[in-house]
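In this note's numbering, the protein residues as written are 47 to 331. The structure appears right after this line, and notes come after that.
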């Protein structure tokens, strides 16, 4: 089984920590390189907190002390891999921008970690209802996941909100439900509000995000990470988010077995009855 990283532990624990430990935890999540390479005293000075706060933070996460947490952060960075210099270099691809963008997306897809998808899909499968939230550029990813899940769970999947926070309908979230939250920096106010409501409602939260310390990923039970920032194009790339959403839907469908297949066939029959698709023979006439 894949071991939970210290940053994942911290992200999940943040909402339940006392205010002083929560502030220190957010600093560590946002400055994990400094936390892994600087002394506790130096880190505390930079964060404006007493050194003992970081010892208590480590113990709250289940470590014996700061040094044990620091070692775990070092090991996590060793295993993370990545190529930040090449990512920056891809921002100046030269003459063939489309080729550079496609190559960057292919590399980003190769770096996606499939391990968390199975656990997140299990959470969706076991939840009586599924809520999906994505706003602005992530709205399309949310709509795709909503559409695919509804093909075999038509009565239990809901898309949260419209274009902004004024359209959010969050009062119906209940304990045991699952909420999928999709975003990347900078995070919209609407997705942060949706994440907060999901936590307060007792939902199992699944974050599709670009970084472990994303504002909407705090306290999430599952984190599926994608890379939006390294595309050499003019806009962030959502290729990784789309791939994760489709993998999540497919894995959830597979867990449903024969029941999922029966519901999918029923949905297809309804779509055929209302002539949702153009017959192929009409295309050649």
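Cβ atoms here follow ideal geometry from the backbone N, Cα and C, with glycine treated the same way. All figures in this text were calculated on a predicted structure; none of them were measured in a lab.
Bridge partners - residue i, DSSP secondary structure assignment
i: residue 251; result: 225
i: residue 203; result: 176
i: residue 20; result: Summary: the structure shown does not reach residue 20, with the chain confined to residues 47 through 331, and so no result is reported for it.
Nearest-angstrom Cα separation, counted from residue j out to residue i
i: residue 264; j: residue 207; result: 20 Å
i: residue 307; j: residue 301; result: 11 Å
i: residue 52; j: residue 182; result: 31 Å
i: residue 115; j: residue 105; result: 9 Å
i: residue 270; j: residue 87; result: 33 Å
i: residue 96; j: residue 72; result: 15 Å
i: residue 74; j: residue 54; result: 12 Å
i: residue 344; j: residue 290; result: Not covered by the structure: residue 344. The range shown for the chain is 47 to 331.
i: residue 155; j: residue 98; result: 41 Å
i: residue 166; j: residue 201; result: 20 Å
i: residue 67; j: residue 157; result: 32 Å
i: residue 314; j: residue 118; result: 49 Å
i: residue 180; j: residue 162; result: 20 Å
i: residue 103; j: residue 184; result: 33 Å
i: residue 229; j: residue 203; result: 19 Å
i: residue 285; j: residue 274; result: 8 Å
i: residue 113; j: residue 311; result: 55 Å
i: residue 197; j: residue 234; result: 28 Å
i: residue 282; j: residue 256; result: 11 Å
i: residue 187; j: residue 321; result: 25 Å
For residue i, the first and last residue of its enclosing beta strand (DSSP E)
i: residue 180; result: 176-180
Range of the contiguous alpha helix (DSSP H) that encloses residue i
i: residue 31; result: What the structure shows of the chain is the stretch from 47 to 331, and residue 31 is not part of that stretch, so it cannot be assessed.
i: residue 63; result: Looking at the DSSP string, residue 63 is not in any alpha helix (DSSP H), and its letter there is neither H nor E.
i: residue 110; result: It is not in any alpha helix (DSSP H) - residue 110 carries neither H nor E in the DSSP assignment.
i: residue 53; result: 52-59
i: residue 87; result: 86-93
i: residue 146; result: 143-157
Which of helix, strand or coil DSSP assigns to residue i
i: residue 196; result: helix
i: residue 220; result: coil
i: residue 284; result: coil
i: residue 235; result: helix
i: residue 210; result: Caution is warranted here: a pLDDT of 45 is assigned to residue 210, below 50, making its placement in the model unreliable, and the coordinate value is therefore given only provisionally. Reduced to three states, the DSSP call for residue 210 is coil.
i: residue 97; result: helix
i: residue 120; result: helix
i: residue 264; result: coil
i: residue 299; result: helix
i: residue 321; result: coil
So, does the segment 287-301 touch the segment 78-95, judging by three or more C-beta pairs under 8 Å?
no
Below 8 Å, can you find three or more Cβ-Cβ pairs linking the segment 73-82 to the segment 143-153?
no
With a threshold of 8 Å, are at least 3 pairs of Cβ atoms found where one atom belongs to the segment 56-66 and the other to the segment 245-265?
yes
Using 8 Å as the threshold, is the segment 222-232 in touch with the segment 241-259, meaning 3 or more CB pairs across them?
yes
If contact is defined by three or more beta carbon pairs under 8 Å, each pair taking one atom from either stretch, is the segment 191-198 in contact with the segment 229-243?
no
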